[in-house]
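Set out below in structure tokens:
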């Protein structure tokens, strides 16, 4: 059983985040809310997302798996006006999700979840932690995209840096600790990442003003931020690009 | 003789409607105003448009045929700012239409109307009638375009429905009679239509808040709406797509 | 030595003007400010631009040549928000220009200026002069682009005209002397110009409300306008297209 009403903007946050990695995904619903784990086809990045029942206008579900084609959900979201609530109901007999928005009903075939394995979130020990404004990251990404296809993220007790190094030009975003919302770092750590993955994820953040990042030396980065007006959470892991020189 | 001044937005309404069906068209002018009948090349849809002399800022014409290239008129409309009045004058000697907007003069060659036959509007007996908000139709079109290339329109004493049926997904727009401005229907009627024609027509309606539709069983739909601030009228006919099953 | 701070919008004016003609250019800096002369590859148009030190927020330079890739400067300008000041500093050791905007640093390789010859501005005796609003020229360009790829500019004691002549259609922009800010013309002069060059230049004017034009008979047009809030000046020369008939 699955019946829920949710603000279009909350559903959009969820879809925007997931569709940076996958086209189809398995939603796990239970009495407490929904959760999703998705890994991109190249196994470079993972997202672990949860949305409490309190993030919904109304919510009523037993343990239930729903295989969603994210492009179809985007089609329905494009019908919603600001403030619209989308009504979702699982039709068990026909294995369809029935979505209502305004006077429109969309009956959506679900995707077979049999082949979607459950993803385990690795346990990482990342020594540095910082909280940073999304807008600053976006500026750093925009600037770096002009010179390189990868970036180095550095955290030290002094602050945070994002660096893109091209053949002739380079770009630096530097934020001293006074420009960060939070900084925990005993020594300098540095890892390199593919810029497109990092950029797609940060660009998918539509409401959270800041994110918390965890970093190590040539280790994955973990990015955490809130969705659903604080009633949901995203953890995003991105594998490092190991420098060979 | 043909001399007229018309608000750019009124001329735009006329051009937007006609250009859903044809690139070139014959305008018939007389003392009372102008009228146009156009049929698309595939003979699937027809428009019958009239604009009274009162829709113009000034108007002075004898019986006159003008063959217009609608793309050229759109070029002139793009020069107009909000509130601009376009000055039109037929130059008989050179067979050109002279258009003024701001400090610009465009001398436009007219299209030969000799080969443009006069279109007869068929007399149809359509038992159901309803008046519906354009915005609702637009939502239904947007939603249907995601799943199908044709739609079924149904009218019954209970209300109106637009349905798109895809291979796996379906879309319904349902409006009970309380959500319609007007409904006259003794029994249920239903016809199917090509979605692209229907969509292009409804999207071309820029000022009328609602349209009146006449429907039958596997019969054309007639759509009527006002242009020119109520001083003009469009009747649009679209042939049904007969279901073969 | 070259160190300067400049409002992003002022740097953008300079880049917009120059990039209508060239991709790379040589900036000449000295104690008084900067100047640039650029000729397009086909030698049809020339720009002579200067920006006083007073146009900068701060300025400190010896005689210095800087070879700029304009696309790279545009990349940095896209990072700037309204009101942002861009910090420029020449790193002599590495032959790079270091640009700061917000918390971003871009280290930009400079272009070799050895092959860039110094351009001489020809001395022209152009008998007619007028000052005209840029918005009127833009309208005339927009209208002319629909019918032709060249335009005739005419000045007479009565006023100014821009004419585009196509195979079937023609466009005129006519401004009597009362619609011009200034007019000096003893007799009628007329020259034809390639519309794309003229259009690109006029479209690159982002802040000046009007330009001063100098015209002759089958002679180049000289266009002058201000940049940098009146602390800079652009002179633009465009060769005529000689009519052969």
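Protein chains in written order, with our numbering: chain A, 129 to 373; chain B, 129 to 373; chain C, 129 to 373. Virtual Cβ for every residue (Gly too), placed ideally from N, Cα, C. Remember, it's a predicted structure, so these values are computed and weren't measured experimentally.
- When C-alpha distances from residue 137 of chain A are compared across A:369, A:300, A:235 and A:213, the shortest belongs to A:213.
- Contact annotation: in the region 214-243 of chain B, residues whose CB is within less than 7 Å of a CB in chain C are 230, 231, 232, 233, 234, 235, 236 and 237.
- Residues of chain A whose Cβ lies closer than 7 Å to the Cβ of residue 296 of chain B are, in chain order, 237.
- For the region 305-328 of chain C, the beta-carbon criterion of a distance under 9 Å to any beta-carbon of chain B is satisfied by 307.
- Interface residue (Cβ-Cβ distance to chain B less than 7 Å): residue 196 of chain A is not classified as such.
- If you draw a straight line from the Cα of residue 304 of chain B to the Cα of residue 363 of chain B, it is about 25 Å long.
- For the C-beta of residue 331 of chain A, not a single chain C residue is nearer than 9 Å; the gap to the nearest is close to 15 Å.
- At a Cβ-Cβ threshold of 7 Å, residue 245 of chain C and residue 281 of chain C do not count as neighbours.
- Taking residue 351 of chain C as the centre and dropping the five residues before and after it, the same chain places the C-beta of 329, 339, 341 and 364 closer than 7 Å to its C-beta, in chain order.
- According to the DSSP secondary-structure assignment, residue 238 of chain A is paired through a beta bridge with no residue.
- Nearest to residue 228 of chain B by alpha-carbon distance, out of C:337, C:154, C:227 and C:298, is C:298.
- Ranked by how close their Cα comes to the Cα of residue 194 of chain B, the residues B:161, B:312 and B:206 have B:161 in first place.
- Around the beta carbon of residue 186 of chain A, fewer than 16 other beta carbons lie within 10 angstroms, which makes this residue exposed.
- Chain B places a beta carbon closer than 7 Å to that of residue 300 of chain C, counting this residue as a contact.
- When CB distances to chain C are screened at a threshold of 7 Å, the residues of the region 245-272 of chain A falling below it are 264, 267, 268, 270 and 271, in chain order.
- Taking CB atoms only, residue 274 of chain C has a neighbour in chain B less than 7 Å away.
- Taking C-alpha positions only, residue 322 of chain C is separated from residue 224 of chain C by approximately 37 Å.
- Excluding the 5 residues flanking it on each side, residue 287 of chain A has same chain C-beta neighbours closer than 6 Å at 303, 304 and 305, in chain order.
- In this structure, A:343 is the residue among A:308, A:207, A:188 and A:343 with its C-alpha nearest to the C-alpha of residue 257 of chain A.
- Distance from residue 249 of chain C to residue 152 of chain C at the Cβ level is roughly 20 Å; contact not present, criterion being Cβ atoms closer than 8 Å.
- The region 249-301 of chain C is shown to contain whole beta strand (DSSP E) runs of 3 or more residues at 256-261, 278-284 and 287-293, in chain order.
- Taking a Cβ-Cβ threshold of 7 Å, the residues of chain B close to residue 203 of chain A are 274, in chain order.
- When DSSP states are grouped into helix, strand and coil, residue 208 of chain A belongs to the coil group.
- The C-beta of residue 303 of chain B comes closer than 7 Å to at least one C-beta of chain A.
- Residues of chain C whose Cβ lies closer than 8 Å to the Cβ of residue 200 of chain B are, in chain order, 274 and 297.
- Looking at C:346, C:309 and C:358, the one whose alpha-carbon comes closest to that of residue 263 of chain C is C:309.
- In the three-state reduction of the DSSP assignment, residue 188 of chain A falls in the strand class.
- DSSP lists no bridge partner for residue 148 of chain C.
- Nearest CB-CB separation between residue 365 of chain B and chain C: not below the 7 Å threshold.
- Proximity of residue 207 of chain C to chain A, defined by a Cβ-Cβ separation below 7 Å, is satisfied.
- CA-CA distance, residue 335 of chain B to residue 183 of chain B, rounds to 14 Å.
- When the beta-carbon positions are compared, residue 270 of chain B and residue 207 of chain A come within less than 7 Å of each other.
- Here residue 166 of chain C is buried, its C-beta having at least 16 other C-beta atoms within 10 Å.
- When the alpha-carbon of residue 192 of chain A is set against those of A:216, A:276 and A:129, the nearest one is in A:129.
- If you compare the alpha carbons of B:279, B:233, B:293 and B:369 with that of residue 300 of chain C, the shortest gap goes to B:233.
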